[in-house]
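Presented below is the structure to which this report refers.
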Amino acid sequence: AFLQPLIVTIYFSGSVPQHLIHEQIPIKISVSIAEEYNSFMAPVIRAKAWSLLIPLKYHGSDNCSMDVYTQDFTIPFLPLPHMFDFTDPQQWAMLSKEIECWLVNEVQDTSLPYWTWGRDAFWFTFIGAHPRFPSGKWSVWDPRILLEGTIIEEWL
13 AFLQPLIVTI YFSGSVPQHL IHEQIPIKIS VSIAEEYNSF MAPVIRAKAW SLLIPLKYHG
73 SDNCSMDVYT QDFTIPFLPL PHMFDFTDPQ QWAMLSKEIE CWLVNEVQDT SLPYWTWGRD
133 AFWFTFIGAH PRFPSGKWSV WDPRILLEGT IIEEWL
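Counting from 13, one number per residue, gives the positions in the sequence shown under this note's numbering.
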């Protein structure tokens with residue numbers, strides 16, 4: 013048996029005073045499992061800096077506003093209804109379609125972190141609707157949502 017992957021997001025609120033900003037701020041994150049499982053498995057951490065998801069032209073410039081990345085988007089499909097049946101591919105398909113419409117009609121800008129998050133959520137739900145993808149039959153999705161992102165790339 014395998015443990016399912018966990019997706020963890022860590023956000024640091026607040027701002028660092030200018031005189032303390034260095035090229036790198038050291039961060040220590042640890043993950044461990046109970047000692048009796050050490051001979052069977054070990055945690056693996058994959059990390060990607062958020063800054064890699066945001067175009068360079070928006071970094072640290074007094075002339076550019078970060079508002080485009082901090083604007084609030086409503087996420088109409090969350091939280092999921094308490095009656096959502098995780099075992100029903102039709103419910104996954106409806107949720108996938110909701111996320112697809114939200115991405116292409118509301119978020120629109122593929123450079124926004126919301127797009128990256130939404131694209132991964134879309135692929136997660138799309139796979140829930142079509143668990144044999146890319147085999148078998150599946151519904152057509154908007155071509156603006158590319159076959160990119162951690163979830164779909166690891167699935168394929």
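The C-beta atom is built at its ideal place from N, Cα and C for all residues, glycine as well.
Remember, it's a predicted structure, so these values are computed and weren't measured experimentally.
Just to confirm my understanding: we take G130, look at its own chain, exclude 5 residues before and 5 after, and list those with CB closer than 7 Å. What are they? I111, W114, L115 and V119
Going by CA-CA distance only, name the one from L168, A105, P155 and S147 that's closest to T137. A105
Starting from E110, trace the alpha helix (DSSP H) in both directions and tell me its first and last residue. P101 to W114
By Cβ distance below 6 Å, which residues in the same chain neighbour P29 in space, the five residues on each side in sequence not counted? none
Rounding to the nearest angstrom, what Cα-Cα distance links T128 and P38 in this structure? 26 Å
Would you tell me roughly how many angstroms separate the C-alpha atoms of I139 and F145, rounded to the nearest one? Approximately 7 Å, taken between the alpha carbons.
Which two residues bound the contiguous alpha helix (DSSP H) that contains T171? The structure shown does not extend to residue 171, since the chain spans only 13 to 168, so no value can be given for it.
To which residues of the same chain is L107 closer than 7 Å at the C-beta, ignoring the five residues directly before and after it? F89 and T137
Distance, H142 Cα to G148 Cα: 8 Å
V119, DSSP secondary structure in three states: helix
Give the C-beta separation of F10 and Q103 to the nearest angstrom, bearing in mind that I take them to be a contact with Cβ-Cβ under 8 Å. Limits of the chain in this structure are 13 at one end and 168 at the other, which puts residue 10 out of reach.
Own chain, CB closer than 7 Å to I45, minus 5 neighbours either side, in chain order: M53 and P55
CB-CB under 6 Å to S25, same chain, minus the five flanking residues each way: which ones, in chain order? Nothing listed; no residue qualifies.
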